[in-house]
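Numbered according to our numbering, the sequence shown spans residues 42 to 248.
Heads up, the beta-carbon is just placed ideally off N, CA and C, and yes, glycines get one too.
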Amino acid sequence: MAQSSEMKAAPNDIAPDEAMRRLMDGNARYVENLTQNRDMAAGREARAAAQYPFAGILSCADSRVAPELAFDQGPGELFVVRVAGNFVDTNGLASMEFGVAVLGIPFLMVLGHSSCGAISATIDVIENGTELPGHLPSLTDALKPGVEKALATKPADPLVAATEENVRYNVEKLKTATPIVAEAVSAGKLKIVGGVYDIATGKVELV
Ligand SMILES: [Zn+2]
Numbered sequence: 042m043a044q045s046s047e048m049k050a051a052p053n054d055i056a057p058d059e060a061m062r063r064l065m066d067g068n069a070r071y072v073e074n075l076t077q078n079r080d081m082a083a084g085r086e087a088r089a090a091a092q093y094p095f096a097g098i099l100s101c102a103d104s105r106v107a108p109e110l111a112f113d114q115g116p117g118e119l120f121v122v123r124v125a126g127n128f129v130d131t132n133g134l135a136s137m138e139f140g141v142a143v144l145g146i147p148f149l150m151v152l153g154h155s156s157c158g159a160i161s162a163t164i165d166v167i168e169n170g171t172e173l174p175g176h177l178p179s180l181t182d183a184l185k186p187g188v189e190k191a192l193a194t195k196p197a198d199p200l201v202a203a204t205e206e207n208v209r210y211n212v213e214k215l216k217t218a219t220p221i222v223a224e225a226v227s228a229g230k231l232k233i234v235g236g237v238y239d240i241a242t243g244k245v246e247l248v
């Protein structure tokens, strides 16, 4: 399954905590508007041969949340799965399994965000019985477990609470996803955390 026959360690062969630090340092630069200047052409030839992303991100599809920008990373550094509401489904899980098993990613983050339309739509469906068109009910159904758990606590800010709980729910779902992801977590090769991106500040807070 290895993508390279080279004997030296892959560039992303780093400890999970080191990967998390690299990611959060990038977010700090982004918040301060001190992102690194990047030569986008540099590394193209190497990237044509292989990829060594050091983190996987399960992000919402929201146009205001751009993982490579928010974490100040260049091409080849993040393995990103995006779906409105940042939840784990079978294909998203399979993508992350590829990232972990084949690419050797040591760190995954489920990334929710402020003002998430998918989460507010799910709250609306639960509280008001709103019927959504097309395939949207499939999406809100997937978000219900975390959102319902948050609403049951009668939170002061339902959207904030539901966003965080949805992240926690999907972090847990990933951590326990057998066989590949759960085994990598048990072996200490993979760390999975949740984060919420604040659109107003650009800051990612761990939840
Ligand atoms: Zn969203």
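Practice task
Going by CA-CA distance only, name the one from LEU110, LEU75 and LEU177 that's closest to ALA125.
Solution key: Comparing alpha-carbon positions, the option among LEU110, LEU75 and LEU177 lying closest to ALA125 turns out to be LEU177.
Exercise for the section: Measure the Cβ-Cβ separation of ASN127 and TYR93 and say whether it is below 7 Å. Expected result: Cβ distance not < 7 Å, so ASN127 and TYR93 don't count as in contact.
Problem - Uninterrupted beta strand (DSSP E) stretches inside the stretch 89-174 (no shorter than 3 residues) - result: DSSP runs (the beta strand (DSSP E)) wholly in the stretch 89-174: 96-100, 119-123 and 148-154.
Exercise for the section: Excluding the 5 residues preceding and the 5 following GLU138 in the sequence, name in chain order all residues of the same chain whose CB lies nearer than 7 Å to its CB. Expected result: Within the same chain, Cβ atoms closer than 7 Å to the Cβ of GLU138 are found at ILE221 and VAL222, the five residues on either side in sequence being excluded.
Problem - Span separating the alpha-carbon of ASP198 from that of GLY115 - result: Computed Cα separation, rounded: 35 Å.
Exercise for the section: Output the distance between the C-alpha atoms of ALA183 and THR163, rounded to the nearest integer angstrom. Expected result: Rounded to the nearest whole angstrom, the CA to CA distance from ALA183 to THR163 is 9 Å.
Exercise for the section: Might you give, ordered along the chain, the residues of its own chain that have their beta carbon closer than 8 Å to the beta carbon of GLU246, omitting 5 neighbours on each side? Expected result: Correct list, in chain order: GLY236, VAL237 and ASP239.
Handout entry: Opening and closing residue of the alpha helix (DSSP H) in which GLY187 lies
Key = Membership of GLY187 in the alpha helix (DSSP H) is indicated by the continuous run 177-192.
Exercise for the section: Please classify VAL248: does DSSP put it in a helix, a strand, or coil? Expected result: Residue state, collapsed to three classes: coil.
Practice task
Could you check how far apart the C-beta atoms of LEU144 and PHE120 are, in whole angstroms? I think they sit under 8 Å.
Solution key: For LEU144 against PHE120, the beta-carbon gap comes to about 6 Å, under 8 Å, which counts as contact.
Problem - Beta-carbon proximity of LYS214 to VAL129, cut-off 7 Å - result: Between LYS214 and VAL129, the C-beta spacing is below 7 Å.
Handout entry: Counterpart residues of LYS230 in DSSP-defined beta bridges
Key = LYS230 is not bridged to any residue.
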